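Asks: Questions regarding the structure given below will be posed in turn.
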Amino acid sequence: METILSVKQLTGGYSPRRPVLHDLNFELKAGEMVGLIGLNGAGKSTTIKHILGLMNPHQGQIKVAGVTLNESPQQYRSAFAYVPETPVLFDEMTVEEHLRLSGMAYNVPSGDYEEQASKLLEQYQMVPKRKAFSSHLSKGMKQKVMIMSALLASPPLYIIDEPFLGLDPLGIRSLLDQLVEVKRGGAAILMSSHILSTVEAYCDRYIVMHQGRIAAQGDLEDVRRAAGLDAGSGTLEDAFYKLVSGGAS
Ligand SMILES: Nc1ncnc2c1ncn2[C@@H]1O[C@H](COP(=O)(O)OP(=O)(O)OP(=O)(O)O)[C@@H](O)[C@H]1O
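According to full-length UniProt numbering, the stretch in the sequence shown is residues 1 to 249, in order.
Right, here's the structure in full:
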């Protein structure tokens with residue numbers, strides 16, 4: 001399978017003298033969903049900021065769709081969509097206008113755009129709000145606009161930070177169903193979340209971060225092994241707890 005995201009020997013952070021991330025190495029292949037998990041302050045958001053190109057690595061290299069940000073900023077940036085934890089929308093624009101803007105930014109052909117936008121508005125129960133200004137939406141509705149915009153862009157890589165916080169149960173179900181669908185279509189998804197049961201159920205692999213380092217990565221068996229649990233025994237949460245509380249043997 002094609003490698004969509006590659007992070008090699010990444011050391012980074014907010015000040016060169018005090019790195020927050022230490023020698024991170026991981027890859028995401030086409031068609032897989034990977035859960036990025038860790039306690040508050042473990043370094044998940046900082047890792048995501050480096051991948052987005054908002055921060056420069058102190059050392060190491062990040063490639064998206066085969067290129068670094070410096071090699072081809074346009075190719076790098078158009079290869080992913082990012083759904084942040086806190087929705088970022090233009091107050092004076094309607095739901096439909098946000099979707100249209102995303103369609104234009106990612107060069108979605110107009111026929112496809114119309115079909116996709118209607119489908120998404122239906123799926124997320126947002127048809128009645130399509131002409132509403134974003135400043136008049138609830139928190140969860142704003143999150144839905146971010147999610148619909150990302151899905152509309154249909155990029156090879158989705159980076160999703162704590163997507164479930166503001167969503168109602170129907171919204172969570174729609175999002176998970178669609179992530180499974182885009183994954184089947186060959187996209188790679190990096191999802192950060194504290195809801196470990198959902199991460200366990202939906203992700204193919206996990207990256208456990210602790211104090212700016214990768215404490216374990218791989219499938220559930222790999223994470224159990226790193227945590228010192230017996231094969232086939234314990235949930236992701238059990239393994240996670242052992243890894244981050246220093247309980248691994
Ligand atoms: N803007 C910033 N300037 C300096 N240090 C920061 C900044 N943002 C985060 N940090 C530090 O970087 C470390 C990693 O924080 P980060 O936000 O990446 O954690 P996180 O795993 O995303 O946590 P959470 O689950 O709480 O969102 C922490 O020690 C934090 O204090």
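Each residue gets a CB set at the ideal place from its N, CA and C atoms; glycine is no exception. Predicted model, so just to flag it, every value in this text is computed and none were measured.
(1) Considering Cα atoms alone, identify which of Ser135, Asp161, Pro156 is closest to Ile147.
(2) According to DSSP, is Tyr82 helix, strand or coil?
(3) Examine ligand 1 and report whether any of its heavy atoms sits within less than 7 angstroms of the Cβ of Ser45.
(4) Three-state secondary structure (DSSP) at Phe26?
(5) Near Gly53, what residues of its chain come up, given a Cβ to Cβ distance below 6 angstroms and the 5 sequence neighbours on each side ignored?
(6) Count the CB pairs spanning the region 6-14 and the region 176-196 that are closer than 8 angstroms, and state whether there are at least three.
(7) On the DSSP letters alone, give me the boundaries of the beta strand (DSSP E) that Asp238 sits inside.
(8) In this structure, how does DSSP classify residue 252 when only helix, strand and coil are distinguished?
(9) Given Gln59, which residues of its chain have a CB within under 7 angstroms of its CB, disregarding the five upstream and five downstream residues?
(10) Regarding Val208 and ligand 3, is the C-beta to nearest heavy atom distance less than 7 angstroms?
(11) If you follow the beta strand (DSSP E) that Leu157 is part of, which residue opens it and which one closes it?
(12) Using the Cα positions of Glu32 and Ala201, report the straight-line distance between them to the nearest angstrom.
(13) Chain B beta carbons: is any one of them nearer than 8 angstroms to that of Cys203?
Replies: According to the structure data:
(1) Asp161
(2) strand
(3) yes
(4) strand
(5) Leu69
(6) no
(7) Per DSSP, Asp238 belongs to no beta strand (DSSP E); it is in the alpha helix (DSSP H), 236-244.
(8) Residue coverage of the chain in this structure runs from 1 to 249, which leaves residue 252 outside it and unanswerable.
(9) Gln9, Thr11
(10) This structure lacks ligand 3; the ligands present are ligand 1.
(11) 157-161
(12) 13 angstroms
(13) Going by chain labels, chain B is absent from the structure shown, which holds only one protein chain.
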